[in-house]
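This report refers to the structure that appears directly beneath it.
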Amino acid sequence: MNDSVKGPPMLPFTRPTIDEETIAEVAQVLRSGWLASGPKVAQLEAELSRYCGGRPIRSQTSATAGMEMALLACGIGPGDEVITPALSFVATANVIMRVGARPVFIDVGLDSRNIDLDQVESAITPRTRAIMPVHFAGLPVDMERLYAIAKRHKLRVIEDAAHAIGSSWRGQRIGSFGDLVCFSFHPNKNITTIEGGAISGGSPEELKSIELHRWHGQVRLGPDSFDTLLPGGKSNLSDVAAAVGLGQLKRLDEFNARRRLLVARYYELWGKDAPLRLPERGDEGHSWHVFTPLLPLVELRISRLEFIEAMKQRGIGVGVHYPAIHLFSCYRALGYRDGRFPNAERIGRETVTLPLFPTMELADVDRVVAAATAIVNGARA
Ligand SMILES: *Cc1c(COP(=O)(O)O)cnc(C)c1O
-1 MNDSVKGPPM LPFTRPTIDE ETIAEVAQVL RSGWLASGPK VAQLEAELSR YCGGRPIRSQ
59 TSATAGMEMA LLACGIGPGD EVITPALSFV ATANVIMRVG ARPVFIDVGL DSRNIDLDQV
119 ESAITPRTRA IMPVHFAGLP VDMERLYAIA KRHKLRVIED AAHAIGSSWR GQRIGSFGDL
179 VCFSFHPNKN ITTIEGGAIS GGSPEELKSI ELHRWHGQVR LGPDSFDTLL PGGKSNLSDV
239 AAAVGLGQLK RLDEFNARRR LLVARYYELW GKDAPLRLPE RGDEGHSWHV FTPLLPLVEL
299 RISRLEFIEA MKQRGIGVGV HYPAIHLFSC YRALGYRDGR FPNAERIGRE TVTLPLFPTM
359 ELADVDRVVA AATAIVNGAR A
């Protein structure tokens, strides 16, 4: 593009909001002499616990690490199966593979993007040990039905709540109930610790296991002696990261309220005749991690890539969340093929992530809607 023809500044599809107070707190930690896990991590876990109704919280360096440790803590490994949606960030399935178990995919709702609970029970076998649902975009899965199925079949639930911090289901916060609930604090998520994550919940035995896997499998026996109980990894959060998280957590509800307001504008401007297929709206308990309509590609003369390029030329960033997992080489190797999960595959082809982050203005939404409408309507066959 010609640099001399300047349009409006580039609007990314997401951007973290770090305030000056948080930056000052980080500087203080950097000067404190204690950078790795220490008082700030303890404080972040305590504050998160308060946010989740007093449940135990264990932080990690990522949700990926947290979900892997949650599976290990449940004793899941080779020979076991875990039921999970075919549409998510690939981490959800990767961690199942990493502990040596087998992911058993289920299709998702076309508009909810959440695991189709009607299809879960027929996928249960004697080897099934757990269900790993995703609260996609922060829209909670039907928790009553999910946990009823889990209870009936004696399965553990590991919730991928990477999108769902601050979401609630029928007034109860995600993470304040249920088995093991894994949050992500990656910079694209609703709050960040740069990289990081946390597990809410777990039995005392599971918590012990998570602590061991998080830090070398070590326990202190006395002032000068340790034992190593298992070959643990190293996924402890740093105090620097925790200081960022503390500043973020203070503003979580404000951030999510802003996300809901911006999304309301998208729905208001597009109404019932939207040129793109809008996702299920949910209610006030939706944290709106991402806003991901579907392009009506079968009616258009352009590809998704061409749509993304046309938006970019108008100064608007567009993401893709996500391709269907079972079509990646790693999962095709398990025998999965095209056509197996029509909704996940269609979403994987058609989904576009439009800008949504707390410092966006309503006028930015207007600009995105005008641009996407013009591009889609101009490309109808
Ligand atoms: C981001 C994300 C993860 C992984 O989170 P990290 O903290 O980056 O490891 C897992 N699942 C979903 C659905 C995600 O969006």
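Oh and the sequence shown: position 178 is 176 in this note's numbering, straight run, nothing missing. A virtual CB, placed ideally from N, CA and C, is assigned to each residue, including glycine.
If we count the other Cβ atoms within 10 Å of its Cβ and call it buried at 16 or more, is residue i buried or exposed?
i: S301; result: exposed
i: C72; result: buried
i: L380; result: Nothing about residue 380 can be reported from this structure: the residues present for the chain run from -1 to 379 only.
i: C50; result: buried
i: W286; result: buried
i: A308; result: buried
i: A252; result: Reading off the sequence shown, one finds Glu at residue 252, where the question assumed Ala. Label assigned to E252: exposed.
i: G164; result: buried
i: E304; result: exposed
i: I104; result: buried
Leaving aside the five residues before and after residue i along the sequence, list all residues of the same chain whose C-beta is less than 6 Å from its C-beta, in chain order.
i: M8; result: G313
i: I306; result: V316
Which residues mark the beginning and the end of the alpha helix (DSSP H) in which residue i is found?
i: A146; result: M141 to R150
i: S207; result: P202 to R212
i: F305; result: R302 to Q311
i: E23; result: E18 to S30
i: L247; result: D237 to L247
i: C180; result: Note, C180: premise wrong, no alpha helix (DSSP H); beta strand (DSSP E) at L178 to S182.
Cα-Cα, which of the options is closest to residue i?
i: T190; options: D177, W213, V217 and R249; result: R249
i: M65; options: L205, I94, P83 and N112; result: I94
i: S233; options: L210, W286 and E79; result: L210
i: G136; options: V288, P10 and P356; result: V288
i: A381; options: V27, P14, A89 and E18; result: Residue 381 is absent from the structure shown; the chain starts at -1 and stops at 379.
i: P41; options: A342, S201, H133 and A241; result: Here the sequence assigns Gln to residue 41, which means Pro is not the residue at that position. Ranking A342, S201, H133 and A241 by Cα distance to Q41 puts A241 first.
i: I113; options: R125, T126, M141 and G98; result: M141
i: F87; options: V318, N375 and Q117; result: V318
i: R53; options: L28, T20, R29 and R171; result: R171
i: A160; options: W268, K187 and E266; result: K187
i: H133; options: T59, G220, T126 and A162; result: A162
i: G376; options: K149, P273, G231 and D78; result: P273
i: P356; options: H324, P185 and E19; result: P185
i: A262; options: R48, L360, A369 and G31; result: L360
i: R212; options: D281, S236 and V155; result: S236
i: G173; options: K152, P138, H151 and L153; result: P138
If I follow the unbroken beta strand (DSSP E) through residue i, where does it start and stop?
i: A434; result: Nothing can be reported for residue 434: it is not among the residues displayed for the chain, which extend from -1 to 379.
i: G220; result: Q216 to G220
i: I81; result: E79 to P83
i: D362; result: D362 -> not in any beta strand (DSSP E); alpha helix (DSSP H) instead, spanning L360 to G376.
i: D225; result: S223 to T226
i: S198; result: G195 to G199
i: D281; result: It is not in any beta strand (DSSP E) - D281 carries neither H nor E in the DSSP assignment.
i: R168; result: Per DSSP, R168 belongs to no beta strand (DSSP E) and is neither H nor E.
i: Q380; result: Residue 380 lies beyond the stretch modelled for the chain, which goes from -1 to 379, so this question has no answer here.
i: I156; result: R154 to D158
Pull up the CB-CB distance for residue i and residue j, whole angstroms please, since I reckon it's below 8 Å.
i: L108; j: I147; result: Wrong, their Cβ atoms sit about 21 Å apart, outside the cutoff.
i: G199; j: G176; result: 6 Å
i: E157; j: V179; result: 4 Å
i: M130; j: T62; result: That belief does not hold up - the Cβ atoms of M130 and T62 are roughly 13 Å apart, past 8 Å.
i: Y264; j: V367; result: 7 Å
i: G283; j: S166; result: 4 Å
i: E45; j: R56; result: Between R56 and E45 the Cβ distance is about 14 Å, and since that is not below 8 Å, they are no contact.
Excluding five sequence neighbours on each side, which residues of the same chain lie with their C-beta closer than 7 Å to the C-beta of residue i?
i: R218; result: F224
i: P101; result: V80, T82, A91, I94 and M95
i: R10; result: It is worth fixing the name first, because residue 10 is Pro in this sequence and not Arg. The answer, listed in chain order, is G315 and P353.
Among the residues of its own chain, which have a CB less than 8 Å from the CB of residue i, if the five just before and after it don't count?
i: E297; result: R378 and A379
i: M(-1); result: With a pLDDT of only 47 at M(-1), under the threshold of 50, the placement of this residue in the model should not be trusted; the figure read from the coordinates follows. Closer than 8 Å at the Cβ level, and outside the excluded window around M(-1), lie Q311.
i: L267; result: V363, D364 and V367
i: R330; result: H324
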